[in-house]
Every structure is written in C-alpha cells, then in structure tokens.
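Here the protein sequences come in this chain order: A and B.
Using this note's numbering, the final residue of the first sequence is 1319, and nothing's skipped along the way.
Using this note's numbering, the final residue of the second sequence is 1319, and nothing's skipped along the way.
Idealized CB from N, CA, C, for every residue including glycine.
Number of protein chains: 2
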Amino acid sequence: MSDPVNGEPLVVVLLEHAMHRVRAELYALSDASFPGLRTRHYRLLSLLPPGGERLTRLTAASGLTKQALAQALAPLQAGGYVEVVPDPSDRRARLVRLTDRGREATAAVRHRLAAVEREWAAQVGEERYAVARAVLTDLAPGPVTVGE
Amino acid sequence: MSDPVNGEPLVVVLLEHAMHRVRAELYALSDASFPGLRTRHYRLLSLLPPGGERLTRLTAASGLTKQALAQALAPLQAGGYVEVVPDPSDRRARLVRLTDRGREATAAVRHRLAAVEREWAAQVGEERYAVARAVLTDLAPGPVTVGE
DNA sequence: GGAGAATGGTCAAGCCGCTTGTCTACCCGG
DNA sequence: CCGGGTAGACAAGCGGCTTGACCATTCTCC
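Printed below as a string of structure tokens:
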C-alpha cells in the first residue's frame, strides 16, 4: 500500500488506510447488531433530521442520485430503521424518518467510531490526534444544513 | 454530508471529504494528461518497483484479488503505462513493469498531490497540517515491502 | 382557472468494478 | 515421474451506481 520507490507515501494511500479501518469497524458493527447495513447506510441514517426529510433533499446532502438513494433506502426501510410516510404538505413527496431502531443504529455508530478515535488518540498521542481531527474538520466544507 | 443532529461530524465523513478532494484532483489529472486512468490505476502504478513485479505479489500489496488486479491492469497495459513480460525465472509468471510513460504518470500524481497538500497546509497552517499528515502516517501500517 | 413548466418520485436498462468458481500451465519436492 | 501447490486466464454473476424515460402533483403566470 505504500510506495517502494519514493520516500513518503501518497496522501491518498494514507487516507485510504484510515477509511479502511473505519469501514472495518462499521462492518463489525453490522455483523454484531445491524445485519446488512453498509457504510453508506449509516451515513444516510446520520443525515436524517429529527422531523424526517424528503428523498430529493437527501440527494443533495449525500451526493447521490435519487435513484441510488432510493435503492440505498430500501434495505433501511425493510430493516425498520426508517419509515417512509407521505408528506402532508405535498402529495408528491414522501418523508423519510428515523425509527427508534434507526436512532439506535446511529447512536451505535457514534459510539463505535468514538472508540476507534480513542484508540487512535492513544496510539499517536491525544494532542496530536486532536490536531489531526481539527485539520480534517477545517478541510471539510461547512456543515451541510440538510435539516434546514 | 455532516450531521444535522449531533454536534461534531463523524470521522468517516471527514475522511471521505478529503478522499473526495484527492480523487477530484486525480480525475482532473486524467482528463488533462492520462485519459481513462482512475484512482486505482495511479495507486497501482505507484506500487510497481523498478524491476517489475508479479501480479500475484501485487494482489497482496493492493488488497485486490488477482482477477480484479488483472482487470485493472488491462487499461494500463493498453495505454502503454506498463508492459507485461514473461518472468525469465518462472514460465508461469509474468512481470509487470513501468514504462517511461508510466513513470511519467506516477511523477505527475506525486506532483499533483503535493500541490493539494500545499494548498491544505496553507489553509490550516503548515505546522498543523504537518502534524495531521504525520498522524495519518503513524496510523497507517508499516510500509508494505512489495519490492522485497 | 387553466396551460405549461417545474418538482418529487418510480421503473427499467445498462455499466463498471469486483467477486467466486473453474480451468490450464508450470514449478517443485519426493 | 508423479502429486500437490502456485501463476495466471476465462467466465459468470452481483452490487451499486448511472442515465433515460415516465407518471403524478404542484407551481407560475397570463
């Protein structure tokens, strides 16, 4: 995964490794408690505001097409993580809303990822890790206000 | 992409954003100079040691199956980025070797990614970025010695 | 208030990247 | 020289996404 020729590894490789670690953790979480859920499902769940959200607005937040999103949503609905109800204010639209089980899943994700971060912090030092996280946060775009 | 409910964004989201930025840069590079090459192709190229390498050993380094790898290698071979020659020491095996054009591509990647990193450093501060990168490096596994 | 455009969502087909399974060619240890 | 292991190719299939077409409803504006 690193570069045998040149000295320092490519950023992309470093990022990929961290992603890989995180994904492994999420898969373990799925195996243990939420069978069938993939990384994108957890991300989707974490995007849902309390009052529910329309599919179209989720596409903007998630960067997926509405078709892809609908497809990703199907297992979530089937598993009882979200419920899809008609939007009272627009008969074309449907609201996607977290269920209790969905909230359970998002809480579990936070918990699990927090554990990974604690582990990382222990490995590289609390302060250094804090800096790294802050840097990544700074590099990320401003919060996407999906919940208005 | 961020979380509207809870405070701090998930690590996975932060990492994904950085990855996304990097990938965008690589795509731009492909459009400009190396049409058809995707992120995995650049990574593959950067894995190749000077003397060439066998497909099977690359699978270990890349984490892909040999079939996936062979598939990813095809466009590289077609584009003249690598050449595949029989291994003199084992008639079953074939050596994948960088061509000049391949070396050109890897150099371009390094250049381009270095530019992104300079940009990031300017945005968050040289020292903070240096810490972040060092942390990511520490978290990555020891160098995979693909070139023996 | 009615026609036309815009929006929310679904259905269907297809592509791409990867997987598993199977096969041949070759190496190596007895 | 024979059996097991390894290098790699071939084929089929699948998951996740895309584009394209379509229907239902709502908005806009004359």
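Are valine 1295 of chain A and valine 1306 of chain B closer than 9 angstroms when you measure CB to CB?
The Cβ-Cβ distance between valine 1295 of chain A and valine 1306 of chain B falls below 9 angstroms.
Could you give the distance in angstroms between the alpha-carbon of tryptophan 1164 of chain B and the alpha-carbon of proline 1259 of chain B?
Nothing about residue 1164 of chain B can be read from this structure; chain B reaches only from 1172 to 1319.
With a floor of 3 residues, list each beta strand (DSSP E) that falls wholly inside the segment 1192-1224 of chain B, ordered by position along the chain.
List check, beta strand (DSSP E) in window: nothing returned.
Touch check for the segment 1216-1236 of chain B and the segment 1187-1196 of chain B: three-plus C-beta pairs under 8 angstroms?
Short answer: they don't touch.
Drop a sphere of 10 angstroms on the beta-carbon of glutamate 1298 of chain A, count the other beta-carbons inside from all chains shown, and report buried for 16 or more, exposed for fewer.
Its Cβ having fewer than 16 others within 10 Å, glutamate 1298 of chain A is exposed.
Have a look at valine 1255 of chain A and proline 1220 of chain B and give me their C-alpha separation to the nearest angstrom.
Straight-line Cα distance between these residues: approximately 53 angstroms.
The segment 1244-1261 of chain A: which residues have C-beta closer than 9 angstroms to a C-beta of chain B, in chain order?
Against chain B - using a Cβ distance shorter than 9 angstroms - the segment 1244-1261 of chain A contributes no residues.
If we count the other Cβ atoms within 10 Å of its Cβ and call it buried at 16 or more, is histidine 1282 of chain B buried or exposed?
Taking a 10 Å sphere around the C-beta of histidine 1282 of chain B, we find fewer than 16 other C-beta atoms and assign the residue as exposed.
Can you give me the C-alpha to C-alpha distance between arginine 1211 of chain A and alanine 1243 of chain A, rounded to a whole angstrom?
Here the alpha carbons of alanine 1243 of chain A and arginine 1211 of chain A stand approximately 8 angstroms from one another.
Under 9 angstroms between the Cβ atoms of glycine 1250 of chain A and glycine 1223 of chain A?
No, Cβ-Cβ distance for glycine 1250 of chain A and glycine 1223 of chain A is not below 9 angstroms.
Between which two residues does the beta strand (DSSP E) containing proline 1246 of chain A stretch?
Run containing proline 1246 of chain A: none in the beta strand (DSSP E); it sits in the alpha helix (DSSP H), 1237-1249.
Below 7 angstroms CB to CB, which residues in the same chain sit around arginine 1304 of chain A once its five sequence neighbours on both sides are set aside?
Cβ neighbours of arginine 1304 of chain A beyond the five flanking positions: none.
According to DSSP, is proline 1175 of chain A part of a helix, a strand, or is it coil?
Residue placement at proline 1175 of chain A is flagged as unreliable, the pLDDT there being 47, under the threshold of 50; the coordinate-derived value follows with that caveat. Three-state DSSP puts proline 1175 of chain A in coil, outside helix and strand.
Nearest to arginine 1262 of chain B by CA position, among B:Arg1225, B:Leu1186 and B:Leu1185, is which residue?
Among B:Arg1225, B:Leu1186 and B:Leu1185, the Cα nearest to that of arginine 1262 of chain B belongs to B:Arg1225.
Which chain A residues are close to valine 1267 of chain B, counting only those with a beta carbon under 9 angstroms from its beta carbon?
Contact of valine 1267 of chain B with chain A by beta-carbon distance below 9 angstroms is absent, the smallest such distance being about 13 angstroms.
In the structure shown, what three-state DSSP assignment does arginine 1268 of chain B receive?
The three-state secondary structure of arginine 1268 of chain B, taken from DSSP, is strand.
Taking leucine 1200 of chain B and leucine 1218 of chain B to be in contact with their CB atoms under 8 angstroms, please state how far apart those CB atoms are, rounded to whole angstroms.
With 8 angstroms as the limit, leucine 1200 of chain B and leucine 1218 of chain B do not qualify as a contact, their Cβ atoms being about 18 angstroms apart.
For glutamate 1290 of chain B, which beta-bridge partners are listed by DSSP?
Partner(s): none; glutamate 1290 of chain B has no beta bridge.
Backbone CA spacing between arginine 1272 of chain B and valine 1184 of chain B [nearest angstrom]:
Roughly 35 angstroms between the two C-alpha positions.
Along the segment 1281-1309 of chain B, where does the CB come closer than 8 angstroms to a CB of chain A? Name the residues.
Result list: Arg1281, Leu1284, Val1287, Glu1288, Trp1291, Gln1294, Val1295, Arg1299, Tyr1300, Val1302, Ala1303, Arg1304, Ala1305, Val1306, Leu1307, Thr1308 and Asp1309.
Per DSSP, the bridge partner or partners of proline 1180 of chain B:
Looking at the DSSP output, proline 1180 of chain B shares a beta bridge with no other residue.
Determine whether the Cβ of leucine 1197 of chain A lies closer than 9 angstroms to any Cβ atom of chain B.
Yes, because at least one Cβ of chain B sits closer than 9 angstroms to the Cβ of leucine 1197 of chain A.
9 angstroms Cβ cutoff, histidine 1188 of chain B in contact with chain A:
It does; some Cβ of chain A falls within 9 angstroms.
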